[in-house]
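Student: Residue numbers (numbering that gives the first Met the number 0): 0 to 156.
From the three backbone atoms N, C-alpha and C, an ideal C-beta is built for every residue, glycine too.
None of the values given here were measured: they were computed from a predicted structure.
Starting off with a structure, shown below.
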Amino acid sequence: MVKDILVYPDPFLARKAAPVAKVDDRVRDLVRDMFETMYESDGIGLAATQVGVGKRVIVVDVSPVEEAAAPLALVNPEIVGREGGLVLGVEGCLSLPGVQGDVPRQETVVVRGLDRHGEPVQIRAGGILSRALQHEIDHLDGVLFIDRISSSVASAK
0 MVKDILVYPD PFLARKAAPV AKVDDRVRDL VRDMFETMYE SDGIGLAATQ
50 VGVGKRVIVV DVSPVEEAAA PLALVNPEIV GREGGLVLGV EGCLSLPGVQ
100 GDVPRQETVV VRGLDRHGEP VQIRAGGILS RALQHEIDHL DGVLFIDRIS
150 SSVASAK
């Protein structure tokens, strides 16, 4: 089911999400709904906080940019490693329609979490996947991409 996406300055977007205690059917239903919502909105990533759910769940699908990429759902994701330097890249956000900005992100990250079946996974990601994972994990910590740029860099489409 497609959910409404919260739009800035909704205060829920600034809340830190709680860890998921158990991956069960409710979490899997949330993941399914988040994928449907992300695809309906032409996004490449979505955090549970963006649909008003205060749980540490994200979905990412960068295949519109990198064809070989597969959809990814992570529960309780955390960045456990960083490689390379910071790279500037243009970002937008479904919760900030029409706003883009150059955001510095780690070139490569290692992310650990659980898949939608509750199995542990670890992903080493570079490129757009690295950027998308960092962006969505930020959402779980109540951080928006505009918090990571200077106001002179942000621009409206």
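Whole angstroms are fine: how far does the CA of Cys92 sit from the CA of Ser157?
Tutor: Look at the range of the chain in this structure, 0 to 156, and you will see that residue 157 is not part of it.
Student: Would you mind listing the beta strand (DSSP E) stretches within the segment 98 to 125 that are 3+ residues and don't spill past its ends, in chain order?
Tutor: 98 to 113 and 119 to 125
Student: To the nearest angstrom, report how far apart Val30 and Ser94 are at their CA atoms.
Tutor: 18 Å
Student: For Arg81, write down the residues that DSSP places opposite it in a beta bridge.
Tutor: Val108
Student: Relative to the C-alpha of Gln133, which candidate in Gly88, Asp28, Gln99 and Val108 has its C-alpha closest?
Tutor: Val108
Student: In the structure shown, what three-state DSSP assignment does Ser154 receive?
Tutor: Below a pLDDT of 50, predicted positions are generally treated as unreliable, and Ser154, at 46, falls in that range; no measurement from the model is reported.
Student: Between the segment 67 to 84 and the segment 104 to 118, can you find at least three pairs of beta-carbon atoms closer than 8 Å?
Tutor: yes
Student: Can the beta-carbon of Leu139 be found less than 9 Å from the beta-carbon of Lys15?
Tutor: yes
Student: Can you give the Cα-Cα distance for Tyr38 and Leu143, rounded to whole angstroms?
Tutor: 20 Å
Student: For Asp32 versus Lys2, is the C-beta spacing smaller than 9 Å?
Tutor: yes
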